[in-house]
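A.B. asks: Note that the protein sequences, when read in sequence, are chains A and B. For the first sequence, this note's numbering begins at 14 and goes up steadily by one. For the second sequence, this note's numbering begins at 14 and goes up steadily by one. Backbone N, C-alpha and C define an ideal beta-carbon position, used for all residues, glycine too.
Number of protein chains: 2
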Amino acid sequence: MPNSSNSHQSKGQPTDRRTFLQSAAAAAALTAMPGWAQAHPDDFSAIRGEIEKRHDEAVKRLQTWIRQPSIAAENRGMNEGCELMMEMLREAGFSGVKKMPTDGQPGVFATLDAGAPKTLGLYFMYDVKQADPAEWSSPPFEAALLDKPGLGKIIMGRGAVNQKGPEATLLAAFHAIRGAGKNMPINLVFVAEGEEEIGSPHFPQVAGNPEVAAALKKCSGVFMPFASQGLDGEVSMFLGAKGVIECELTSSGERWGRGPRKDVHSSNKARLDSPAWHLVEALASLVSPDGNDPAIEGYAAKARPLSSAEKKMVGEAARRMNEAEAKKLLGVDHWVHDVSWEQSLELLVARPTVNIEGLVGGYTGPGGKTILPGKAVAKLDLRLVPDMTAAESLALLKAHLAKKGFSDIDVNMTGGYDPTSTPADSAVIRAATAVYKNNGIDPVILPRLAGSWPGYVFTGEPLRLPAGHFGLGHGNGAHAPDEYYVIESGNPRVQGMDGAALSHAEYLYELAQVGSSAGSQR
Amino acid sequence: MPNSSNSHQSKGQPTDRRTFLQSAAAAAALTAMPGWAQAHPDDFSAIRGEIEKRHDEAVKRLQTWIRQPSIAAENRGMNEGCELMMEMLREAGFSGVKKMPTDGQPGVFATLDAGAPKTLGLYFMYDVKQADPAEWSSPPFEAALLDKPGLGKIIMGRGAVNQKGPEATLLAAFHAIRGAGKNMPINLVFVAEGEEEIGSPHFPQVAGNPEVAAALKKCSGVFMPFASQGLDGEVSMFLGAKGVIECELTSSGERWGRGPRKDVHSSNKARLDSPAWHLVEALASLVSPDGNDPAIEGYAAKARPLSSAEKKMVGEAARRMNEAEAKKLLGVDHWVHDVSWEQSLELLVARPTVNIEGLVGGYTGPGGKTILPGKAVAKLDLRLVPDMTAAESLALLKAHLAKKGFSDIDVNMTGGYDPTSTPADSAVIRAATAVYKNNGIDPVILPRLAGSWPGYVFTGEPLRLPAGHFGLGHGNGAHAPDEYYVIESGNPRVQGMDGAALSHAEYLYELAQVGSSAGSQR
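#1: Anything in the segment 190 to 223 of chain B with a Cβ closer than 9 Å to a Cβ of chain A? List those residues in chain order, please.
#2: Say whether chain B places a C-beta atom closer than 8 Å to the C-beta of Y376 of chain A.
#3: Please confirm whether A491 of chain B and V174 of chain B have their CB atoms less than 8 Å apart.
#4: List, in chain order, every chain B residue whose beta-carbon is nearer than 8 Å to that of A389 of chain A.
#5: By the DSSP assignment, the beta strand (DSSP E) with N451 of chain A in it spans what residues?
#6: DSSP beta-bridge partners for F203 of chain A?
#7: Determine the burial state of P537 of chain A: buried for a count of at least 16 other Cβ atoms within 10 Å of its Cβ, exposed for fewer.
#8: What is the DSSP secondary structure of N281 of chain A, reduced to helix, strand or coil?
#9: Any beta carbon from chain B within less than 8 Å of L385 of chain A's own beta carbon?
#10: Helix, strand or coil for L414 of chain A, going by three-state DSSP, please let me know.
#11: Does the beta-carbon distance from V327 of chain B to L285 of chain A come in below 8 Å?
#12: For N125 of chain A, tell me which candidate among A:R61, A:A228, A:T263 and A:E474 has the shortest Cα-Cα distance.
#13: Take N222 of chain A and list the residues in its own chain whose beta-carbon comes closer than 8 Å to its own, dropping the five residues that flank it on each side.
#14: Verify whether the separation of the beta carbon atoms of Q508 of chain A and L478 of chain A is less than 8 Å.
#15: So, at 6 Å on beta carbons, what are the nonlocal neighbours of S264 of chain B in its own chain, with the 5 sequence-adjacent residues on each side left out?
#16: Pick out whichever of A:E338, A:S280, A:A412 and A:D303 has its Cα sitting closest to the Cα of S357 of chain B.
#17: Name the chain A residues whose beta carbon is nearer than 8 Å to that of W348 of chain B?
#18: For C260 of chain A, list the residues DSSP reports as bridge partners.
#19: Give every residue of the same chain whose Cβ lies closer than 6 Å to the Cβ of A40 of chain A, excluding the five residues on either side of it in the sequence, and list them in chain order.
#20: Looking at the secondary structure, which residues open and close the alpha helix (DSSP H) in which F57 of chain B lies?
#21: Name the DSSP bridge partner or partners of K161 of chain B?
#22: Expressed to the nearest angstrom, what Euclidean distance is found between the alpha-carbon atoms of I369 of chain B and P307 of chain B?
#23: Any idea what DSSP makes of Q242 of chain B, helix, strand or coil?
#24: Taking the C-alpha atoms as reference points, what is the distance between L459 of chain B and A297 of chain B?
#25: Using only the alpha-carbon positions, how far apart do P119 of chain A and P153 of chain A sit?
#26: State yes or no: is the beta carbon of R274 of chain B nearer than 8 Å to at least one beta carbon in chain A?
#27: Could you please tell me which residues of the segment 492 to 514 of chain A, in chain order, have their CB closer than 8 Å to any CB of chain B?
#28: Three or more beta-carbon pairs under 8 Å between the segment 511 to 521 of chain B and the segment 169 to 186 of chain B, yes or no?
#29: Taking beta-carbon pairs under 9 Å, can you tell me which members of the segment 141 to 156 of chain B lie near chain A?
#30: Can you give the beta carbon distance from G234 of chain B to G128 of chain B, rounded, assuming they're within the 8 Å contact cut?
#31: Quick one: does N19 of chain B have its CB under 8 Å from some CB of chain A?
#32: Relative to the ligand GTP, is the shortest distance from any of its heavy atoms to the C-beta of E405 of chain B smaller than 7 Å?
#33: What's the gap between the Cα of A157 of chain A and the Cα of Q76 of chain A?
#34: Taking only the alpha-carbon atoms, compute the straight-line gap between R67 of chain B and F419 of chain A and give it to the nearest angstrom.
#35: Does the count of Cβ pairs from the segment 442 to 454 of chain B and the segment 320 to 340 of chain B closer than 8 Å reach three?
#36: How far does the alpha helix (DSSP H) with T182 of chain B in it extend, from its first residue to its last?
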């Protein structure tokens with residue numbers, strides 16, 4: 014899931030879009046409307062009316078979706094989650110909604126032929142991260158509507174912002190366009206997977222299916238609905254994302270041939286090797302002594318440094334975003350190596366990483382247990398930048414371990430993929446920028462997201478399509494407890510679900526326009 | 014809990030004691046009887062009859078005890094477990110059975126004044142290790158009686174051998190002596206704790222209570238009932254045990270002041286320090302690069318090398334014990350550094366250790382979760398040999414971490430204590446040896462147990478009493494799934510519960526005798 018790190022400095026008083034729209038001053042309103050809306054004020058007004066009319070229906074749809082857990086990591090509710098999303102697609106006007114089997118969880122393929130000149134790809138996920146109910150203030154699969162001070166009415170639940178909330182918001186836009194008696198301005202090719210949260214191991218099987226690939230080839234670009242606004246309403250845009258490898262390193266007596274195969278009494282440490290110590294030593298070899306810089310041999314060799322244009326973007330972002338707020342949100346006092354705010358953003362954008370997600374070895378319950386464990390596991394993620402690839406990086410990790418004396422340690426890549434990049438002047442980016450600007454938001458543009466999404470399936474060979482995220486709206490807590498998405502915003506700078514749905518409608522119309530002048534722009 | 018590592022080589026055909034006792038050839042039988050039994054053949058016979066008569070009652074008592082979980086590490090059933098043991102003591106003839114409050118779980122103190130010239134101390138524990146029912150073939154708190162091929166009828170459950178089985182066996186001996194109309198041959202001072210499995214943090218408060226200390230001072234020694242027989246019926250005796258420190262090392266952004274205080278999205282590794290990597294680096298500094306030799310500065314400086322007498326014991330043990338069987342039981346192919354069998358036993362007896370019991374950091378569930386954890390924990394145990402002490406070793410660990418740049422890592426000692434040693438010619442050891450030999454068993458004697466028990470409370474200042482374990486019988490699986498204790502042995506060389514109870518009766522009478530000639534032998 015992308016991590017947007019939205020922490021903007023408020024500069025002046027950005028336009029309060031909601032107040033604007035609700036004002037009776039049509040002329041003033043029109044200056045804030047995107048091109049298509051200015052050209053078709055009646056369409057715009059009718060769609061907005063439908064969105065508001067169908068508000069309760071859209072919220073109920075999102076609640077229904079959140080209440081169906083679909084967690085690939087736990088193989089929980091996957092079939093039900095897939096079927097539910099397929100049903101929602103049919104209701105939203107898609108035809109030929111197909112379940113696409115893979116070697117893992119199924120994907121989904123669907124199309125909506127509007128008879129329009131342009132075609133747009135949509136990428137959805139129907140899986141969500143795990144959730145431990147004990148950590149939540151409201152049950153993660155209850156989808157409760159709550160009042161959150163400073164935010165307004167929110168929906169709380171796993172998937173609220175990542176990604177069911179924004180996805181249900183786009184569906185709401187589809188219903189509103191149809192409900193207003195309008196034609197969809199652009200044809201749609203829909204692809205989805207149920208394994209985004211485990212590193213999309215089988216999504217290439219969906220996108221690579223001949224029928225799907227042929228449909229995607231007709232697209233001018235692909236986008237995923239996203240709640241882009243920070244707490245202050247500002248937006249960050251990303252011209253790509255880091256790649257990722259998620260893997261488990263397992264040290265075991267069984268594979269090592271030393272130490273015990275099962276847990277034994279810890280007194281035997283005096284005469285037995287320890288798979289847990291073996292893992293610790295292997296891990297220590299992967300990074301610099303302070304744990305910060307990757308030390309896997311050759312790992313960062315292909316990492317492309319930031320271009321001067323990219324450095325300029327980061328510099329501009331550093332000026333516009335608020336370091337103190339970012340540190341507060343993360344709960345940190347220092348950046349790594351005590352670098353500056355601008356350098357921290359450069360690292361975030363350009364630095365490959367080796368991160369420990371989790372350590373699990375031997376006895377993990379309360380207190381102690383005097384065992385020498387037969388096995389210990391480290392869960393790692395590695396973030397990759399262009400021109401690194403997932404396959405090469407995995408091979409380098411394995412070669413490094415072998416060279417350092419840890420060839421017995423099992424490296425199980427559970428998911429991951431290459432980095433993704435999209436040109437700043439591609440249709441999906443230009444249209445997004447236009448809609449944000451027409452809404453009074455000047456987006457911060459960054460060379461790439463520090464998180465990852467499987468955009469490489471679209472931006473890489475053979476499709477080479479531009480691909481990105483779009484959407485107004487705000488939420489937080491992806492991968493964490495108390496994940497939420499704003500339904501009715503209490504902050505005029507931040508859009509609720511209706512405002513976000515309207516931004517999606519604007520985006521579709523804008524893409525239909527932009528596409529006509531920059532359709533070949535990939 | 015002591016780990017006896019019983020793996021004896023069968024030498025010749027040791028006397029089949031059970032067959033012997035059951036034969037009508039009284040003269041032949043008498044030669045196998047210990048001193049007191051030879052002097053009082055009627056007593057011996059009457060007590061044996063009572064043990065057999067009360068077999069079902071004794072088994073039921075043990076079942077009742079196992080069915081009451083009492084797990085200090087989980088603070089589960091502790092009060093109920095304490096009360097149950099107190100009730101069992103009253104039934105066995107103890108008076109003034111008192112619950113002894115501590116800063117943790119309560120201990121128990123009781124006495125049995127037989128008007129005898131000598132007094133013996135008893136040490137019990139009423140807590141057991143944790144148990145995960147999913148790992149057991151019979152539920153751990155069901156105390157099922159099962160037939161186990163090659164062993165006979167066993168009782169399976171948590172605490173079966175560690176330590177409720179042997180303790181219930183000693184209680185059965187008390188009931189039989191009284192049931193036979195005999196006087197207890199020796200006065201008893203009973204002390205127990207409920208925190209043995211978490212490192213006995215508060216047992217000194219029990220033994221140090223003025224009333225308890227005054228009672229213990231009158232003892233010629235202290236013993237804990239123990240199932241000493243290996244699968245082949247042979248017995249190992251230990252003249253002490255290693256000390257231990259159990260501790261948790263916690264690396265957290267909170268204490269460190271670097272990295273996040275809570276879990277954050279893993280993409281932030283590019284710009285944030287990682288408490289998990291910090292822990293890995295700290296751990297790696299504690300041992301040699303192969304994970305085998307402690308590298309805590311000054312840690313082993315006070316480790317006393319084996320004396321030539323102790324080396325001789327180990328050499329003799331290596332000749333008599335079976336390396337292949339030991340490796341098979343442990344599930345290992347190699348000793349550390351590929352040392353010989355004799356060297357492996359020397360290490361076991363004489364080498365201080367730094368062991369990882371468990372690693373718990375960040376996400377520990379199935380698959381991955383892209384977080385940078387705010388905290389990571391390693392559970393360690395350190396085994397200490399004379400003249401190391403727990404307090405000094407803990408201080409050295411903390412000083413080492415501080416010197417290496419890890420002063421922020423929290424070291425929480427959850428339990429532990431000093432090593433313990435008892436002279437070979439003390440009463441408790443001489444009496445045990447005599448009873449074993451009279452039962453046709455020539456015990457292997459080792460300088461110390463590689464595991465730990467809080468014998469230092471008795472052998473250290475101010476009491477300076479000899480202390481050890483005793484008992485025939487067999488069980489296995491302490492701290493592991495499918496823990497069992499043999500109730501009716503299918504192997505004539507191994508005693509079931511009745512034979513073990515009889516050995517306890519013999520031991521009490523033997524101590525009453527030995528005590529008179531070596532009462533001052535501590």
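C.D. replies: So, to answer that:
#1: E210, I211 and G212
#2: yes
#3: yes
#4: I369 and L372
#5: Segment A440 to N451 is the alpha helix (DSSP H) holding N451 of chain A; no beta strand (DSSP E) there.
#6: A:A123 and A:L135
#7: Lying before the first or after the last residue shown, residue 537 of chain A is absent from chain A, which here runs from 14 to 535.
#8: helix
#9: yes
#10: helix
#11: no
#12: According to the sequence provided, residue 125 of chain A is Leu. The question's Asn does not apply to it. Comparing Cα-Cα distances from L125 of chain A to each of A:R61, A:A228, A:T263 and A:E474, the minimum goes to A:A228.
#13: M113 and F122
#14: no
#15: P288, H291, L292, A389 and I422
#16: A:S280
#17: R284 and L285
#18: A:L393 and A:M426
#19: Unreliable placement is indicated for A40 of chain A, whose pLDDT of 33 sits below 50; no coordinate value is reported for it.
#20: P54 to K66
#21: B:G165
#22: 12 Å
#23: strand
#24: 32 Å
#25: 24 Å
#26: yes
#27: H492 and A493
#28: yes
#29: K142, Q143 and D145
#30: So it is not a contact: roughly 20 Å between Cβ atoms.
#31: Unreliable placement is indicated for N19 of chain B, whose pLDDT of 38 sits below 50; the coordinate value is still reported in the next sentence. For N19 of chain B, the answer is no, since every Cβ of chain A falls outside 8 Å of its Cβ.
#32: This structure lacks the ligand GTP; in fact it carries no ligand of any kind.
#33: 8 Å
#34: 58 Å
#35: no
#36: K177 to G192
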